[in-house]
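J.:
Spelled out as structure tokens, the structure:
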């Protein structure tokens, strides 16, 4: 699942008195760190996207897991830092000014869902995953989503704004990518039940059912959140063009 729209943006600055002159402030260490983090993340997911496309074209989807699983696992593990970012942002009133504007519980749940796929299902059941085209479709949805998302954040932090085309892609691509990614994730969770029961017992089947049950409202909340963000951002862009 995707993270919140503003999950890698620093908190908005406090409103300034209109009587005070606007000062150009150089990037802080916090901003430089976030720019680097988002740039590296976008680059890593670009590598995954390229690998998935190349391997699928040359050898077919059954070879995707063996070709990208390890790299994807560690790239996704890097996203654990986003939990730390959100935690620091949540404590911004204690450790002002915070790091990012992300709700920590939402971030934890979304990162955990990715970890479930890469560290449990794809890691312990490679044969089941490799035989399913859902793994390839999931990685395609993840990688395109993350390349766009991290690029959006990196450009916004570095230049204080984002080109219209990148904003448009960010707030329209999810119509296709979210259903594709979430559907693929659910299929892999479902498919892991039989090998999981053989390996760990019947509790795994119950765990999978619980995960799938959470996915239903989670997908709805995520999709409606992005719809609301899309409406807000595109309305703001139209207002700027009209000025």
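Numbering (the working numbering), first residue to last: 179 to 421. The beta-carbon is built from N, C-alpha and C at its ideal position, and this holds for glycine as well.
Would residue 411 and residue 337 qualify as a contact pair, given that the criterion is a beta-carbon distance under 7 angstroms?
T.: Along the chain shown, one-based indexing puts residue 411 at 233. Along the chain shown, one-based indexing puts residue 337 at 159. Not closer than 7 angstroms, so no.
J.: At which residue ranges does the segment 359-411 contain complete alpha helix (DSSP H) runs of 4 or more residues, listed in the order of the chain?
T.: Qualifying alpha helix (DSSP H) stretches, in chain order: 371-378.
J.: Relative to the C-alpha of residue 283, which residue among 295, 260, 305 and 304 is closest?
T.: Translated into positions along the chain shown, residue 283 becomes position 105. If we check each option's Cα against that of residue 283, 260 comes out closest.
J.: In this structure, how does DSSP classify residue 300 when only helix, strand and coil are distinguished?
T.: The sequence position of residue 300 within the chain shown is 122, counting from 1. Three-state result, residue 300: helix.
J.: Use the C-beta contact count for residue 370: other C-beta atoms within 10 angstroms, 16 or more gives buried, fewer gives exposed.
T.: Taking the chain shown and counting its residues from 1, one reaches residue 370 at position 192. Buried, since its Cβ has 16 or more Cβ neighbours within 10 Å.
J.: Closest by CA to residue 262, which one among 223, 252, 215 and 342?
T.: Here residue 262 refers to the residue found at position 84 of the chain shown. If we check each option's Cα against that of residue 262, 215 comes out closest.
J.: Grouping DSSP H, G and I as helix and E and B as strand, with all else coil, what is residue 219?
T.: The residue given as residue 219 occupies position 41 in the chain shown. Residue 219: helix per DSSP, three-state reduction.
J.: Pair every Cβ in the segment 247-259 with every Cβ in the segment 281-300, then say whether three or more of these pairs are closer than 8 angstroms.
T.: Contact holds: three or more Cβ-Cβ distances are below 8 angstroms.
J.: Below 7 angstroms between beta carbons: does that hold for residue 358 and residue 319?
T.: Here the question's residue 358 lines up with position 180 in the chain shown. Here the question's residue 319 lines up with position 141 in the chain shown. Yes, they are a contact pair.
J.: What separation, rounded to the nearest whole angstrom, lies between the Cα atoms of residue 329 and residue 217?
T.: For the purposes of this step, residue 329 is taken as the residue at position 151 of the chain shown. For the purposes of this step, residue 217 is taken as the residue at position 39 of the chain shown. When rounded, the distance between both Cα atoms is 7 angstroms.
J.: Using the Cα positions of residue 343 and residue 326, report the straight-line distance between them to the nearest angstrom.
T.: Translated into positions along the chain shown, residue 343 becomes position 165. Translated into positions along the chain shown, residue 326 becomes position 148. Cα-Cα distance, rounded: 11 angstroms.
J.: How many Å lie between residue 374 and residue 335 at the Cα?
T.: Here the question's residue 374 lines up with position 196 in the chain shown. Here the question's residue 335 lines up with position 157 in the chain shown. Those two C-alpha atoms are separated by around 43 angstroms.
J.: I need the DSSP call for residue 323, collapsed to helix, strand or coil.
T.: Here residue 323 refers to the residue found at position 145 when the chain shown is read from its first residue. In the structure shown, residue 323 sits in a helix (DSSP, three-state: H, G or I).
J.: Less than 7 angstroms separating the beta-carbons of residue 312 and residue 247?
T.: In the chain shown, residue 312 corresponds to position 134, counting from 1. In the chain shown, residue 247 corresponds to position 69, counting from 1. Their beta carbons are not under 7 angstroms apart, which means residue 312 does not touch residue 247 by this criterion.
J.: Work out the CA separation of residue 221 and residue 398 for me, nearest whole Å.
T.: Against the chain shown, residue 398 aligns to sequence position 220. Against the chain shown, residue 221 aligns to sequence position 43. The straight-line gap from Cα to Cα measures roughly 29 angstroms.
J.: Please say whether residue 323 and residue 355 have beta carbons closer to each other than 7 angstroms?
T.: Counted from its first residue, the chain shown places residue 355 at position 177. Counted from its first residue, the chain shown places residue 323 at position 145. Yes, the pair counts as a contact, with Cβ atoms nearer than the cut-off.
J.: Quick check: the Cα distance between residue 157 and residue 372, rounded to an integer number of angstroms?
T.: Since the displayed the chain opens at 179 and closes at 421, residue 157 lies outside it and no answer follows.
J.: Which same chain residues, not among the five before or five after residue 386, have their C-beta less than 8 angstroms away from its C-beta?
T.: Along the chain shown, read from residue 1 onward, the residue named residue 386 stands at position 208. Result list for residue 386: 367, 368, 370, 371 and 374, in chain order.
J.: Starting from residue 242, trace the alpha helix (DSSP H) in both directions and tell me its first and last residue.
T.: The count along the chain shown starts at 1 and reaches residue 242 at position 64. Its alpha helix (DSSP H) spans residues 242-255.
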